[in-house]
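Novice:
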Amino acid sequence: MWKTSNYKGEQVWYSEEDIKPFLDPYFKGLDFKTIAELAKKSIRITAYSSELEHKLEDIIDFCDSYSGTQPDVIAVLKVIKYRAEKELINKKQ
2 MWKTSNYKGE
12 QVWYSEEDIK
22 PFLDPYFKGL
32 DFKTIAELAK
42 KSIRITAYSS
52 ELEHKLEDII
62 DFCDSYSGTQ
72 PDVIAVLKVI
82 KYRAEKELIN
92 KKQ
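Quick note: the sequence shown uses this note's numbering, first residue 2, plus one each step.
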């Protein structure tokens, strides 16, 4: 059992299971405040990335609907699809 203070300054106890994720070497030398700040940044980046992926899907849909008549749109669509496929390949590795 680990004893510490919560955000209200109250004494709380945590089991080994509760703190197990924080025993990872990645967190060595980091206090809980720093870990919380990193978590907030990570959540923001993840949300922003998801937002951009949805916007990219909208652009692809737009290009798909207009690609039959506009050569420039076809070119843009090819670049977007190429980059999206490349990104998927990189994520899988």
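Don't be surprised by glycine CBs; every beta carbon is placed ideally from N, CA and C.
1) Grab me the residues of Ser16's own chain with a C-beta within less than 7 Å of its C-beta, minus the 5 sequence neighbours each way, in chain order.
2) Since Asp19 is in the alpha helix (DSSP H), which residue starts that stretch and which ends it?
3) Only counting the same chain, and skipping five residues up and downstream in sequence, which positions put a Cβ closer than 7 Å to that of Lys4?
4) Fully enclosed by the region 8-90, which beta strand (DSSP E) runs are 3 residues long or longer?
Specialist: Judging by the given coordinates:
1) Met2
2) Glu17 to Ile20
3) Gln12 and Trp14
4) 12-15
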